[in-house]
Amino acid sequence: MQYNYFPGRLRVRDSVFRVEEIRAAAIRAVRLLADDVQIQYNEKTSSILAVYDASKLNVDDLRPLLPYLLKIEPKVRFYTPAKKQDILDGIQEIERRIAQGLSGKQQPRQQ
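Using the numbering used here, the letters of the sequence shown correspond one by one to residues 242 to 352.
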C-alpha cells in the first residue's frame, strides 16, 4: 500500500481497492476523519484521494491509527480473497478508533 500525504491531501493506493467491498469500507473510514472531506476513487490507479481542510486535521492526528494500519497491511500487500474478511475487520476497527476520537476516548469534532 502506498501513502502520499500533503497537508489537506491524502492519497492511498493499492490494487486491493479494486475489490468493491474493501474500497467502500476504506472510503467510509476516510469520511470519518473530517467533516468536509471530499473523496475521489481512481479506478485506473486504484487509489483513493481525500481532500480536506488541513487546519482541522494534521498528520499527528492520524498517528494513533498506525498500529491498526500496520496490522492489516501484510494482508493487503499479499491479498487473496481468503484475506478479505480480515481486511474488512481491520478497517472496521480503524473506523471504531476514529469514532472514539483516535485516542480511545470520545471527543467532539471541530466545526
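Where a beta carbon is used, it is the ideal one built from N, C-alpha and C, also for glycine.
Measure the alpha-carbon distance for residue i versus residue j and round it to whole angstroms.
i: LYS325; j: ILE263; result: 7 angstroms
i: ALA340; j: PHE247; result: 23 angstroms
i: TYR244; j: ALA323; result: 24 angstroms
i: ALA295; j: ASP302; result: 11 angstroms
i: ARG254; j: MET242; result: 6 angstroms
Quick check on residue i: buried or exposed, where buried means 16 or more other Cβ atoms within 10 Å of its Cβ?
i: TYR293; result: buried
i: ALA275; result: buried
i: LEU311; result: exposed
Measuring CA to CA, which of the options is closest to residue i?
i: GLN333; options: VAL278, ILE268, ASN283; result: ILE268
i: VAL257; options: SER296, ARG337, GLU314, GLU336; result: GLU314
Per DSSP, which one or two residues make a beta bridge with residue i?
i: GLN279; result: VAL292
i: ASN245; result: ARG252
(request) Report yes or no: do three or more beta-carbon pairs, one from the segment 288-308 and one from the segment 265-275, lie closer than 8 angstroms? (result) yes
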